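Engineer: Have a look at this one.
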């Protein structure tokens, strides 16, 4: 299994550009999520999905869109990049994200995004 | 919101035991407590998970008191490679967000020779 894969590894955008960060998992996990991590900070939840066709907002959703058309893929779209979105983005998946059900999240290697 | 509180940093010497306590006063009745480890430039990695009392695996132990309002991650005989940030994670159970999992600020553990 490849686990959780993310592309690209690095990206530089200009303010106002849009792009999509790709995330895929091959473990047939129902739950997938996106986090951002600013330098020296903890992870903040952007969006999450508890299954194909179902998405919901996390702690910091503004400026980002997600969709979940398949179990395997969970792309994150930046609508109009801003310098405040400079960060490292991590995608994660879990067998089941329901509260009360024991779960382990598997994280991808991250995408380092710089917005100038 | 279920929220966790951890010490910002802890220092230790090689071979010592490190104990990190996480406070989670509002944990839901049926939620688990999960700990992750993160090295620089990498995604977090699962360490251990528990619901009550004590859980032990080959890496760490997790102690959870009866009231479940806190938990303690114990790393036995740490080495330099255990230098990392450690996160305590609980769920955020509300009627419309049963899948929202949020990290706290984490504890930076530095192990020196």
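Protein chains in written order, with this note's numbering: chain B, 16 to 131; chain H, 29 to 141. The beta-carbon is built from N, C-alpha and C at its ideal position, and this holds for glycine as well. Being a predicted model, the structure only gives us computed values, none of them experimental.
Taking the straight line between their C-alpha atoms, what separation do you get for residue 106 of chain H and residue 140 of chain H?
Structural biologist: Each residue's alpha carbon lies about 10 Å from the other.
Engineer: Among residues of its own chain, excluding the 5 on either side of residue 18 of chain B, which ones have a beta-carbon nearer than 8 Å to its beta-carbon?
Structural biologist: Taken in chain order, the residues that qualify are 40, 41, 42, 121, 123.
Engineer: Per DSSP, residue 58 of chain H forms a beta bridge with which residues?
Structural biologist: Paired residues: none, contrary to the question.
Engineer: Any idea what DSSP makes of residue 94 of chain B, helix, strand or coil?
Structural biologist: Residue state, collapsed to three classes: coil.
Engineer: Rounded to whole angstroms, what's the CA-CA distance from residue 45 of chain B to residue 63 of chain B? Just pull it up for me.
Structural biologist: Taking the straight line from one Cα to the other gives about 11 Å.
Engineer: Tell me whether residue 120 of chain B sits in a helix, a strand or coil according to DSSP, three-state version.
Structural biologist: Reduced to three states, the DSSP call for residue 120 of chain B is strand.
Engineer: Bridge partners for residue 7 of chain H per DSSP, in chain order?
Structural biologist: Residue 7 of chain H falls outside the range modelled here, since chain H spans only 29 to 141, and no answer is possible.
Engineer: Under the assumption that residue 89 of chain B contacts residue 47 of chain B (Cβ atoms under 8 Å), give the Cβ distance between them as a whole number of angstroms.
Structural biologist: With 8 Å as the limit, residue 89 of chain B and residue 47 of chain B qualify as a contact, their Cβ atoms being about 4 Å apart.
Engineer: According to DSSP, what are the bridge partners of residue 75 of chain B?
Structural biologist: Its beta-bridge partners do not exist; DSSP assigns none.
Engineer: Could you confirm whether any beta carbon from chain B is found closer than 8 Å to the beta carbon of residue 112 of chain H?
Structural biologist: Residue 112 of chain H does not count as touching chain B.
Engineer: For residue 115 of chain H, return the contacting residues in chain B, with the cut-off set at a CB-CB distance below 9 Å.
Structural biologist: Here the neighbours are 57, 58.
Engineer: On the three-state DSSP scale, how would you describe residue 130 of chain H?
Structural biologist: Of the three classes helix, strand and coil, the one that applies to residue 130 of chain H here is strand, per DSSP.
Engineer: If we ignore side chains and look at the alpha-carbon of each, how far apart do residue 45 of chain H and residue 75 of chain H end up?
Structural biologist: About 16 Å.
Engineer: Candidates B/69, B/67, B/72, B/61: which alpha carbon is nearest residue 102 of chain B's?
Structural biologist: Cα-wise, what sits closest to residue 102 of chain B is B/61.
Engineer: Report the start-end ranges of each beta strand (DSSP E) in the segment 55 to 116 of chain H that is 3 residues or longer and not cut off at the edges.
Structural biologist: 61 to 66, 73 to 78, 81 to 84, 89 to 92, 98 to 103, all fully within the segment 55 to 116 of chain H.
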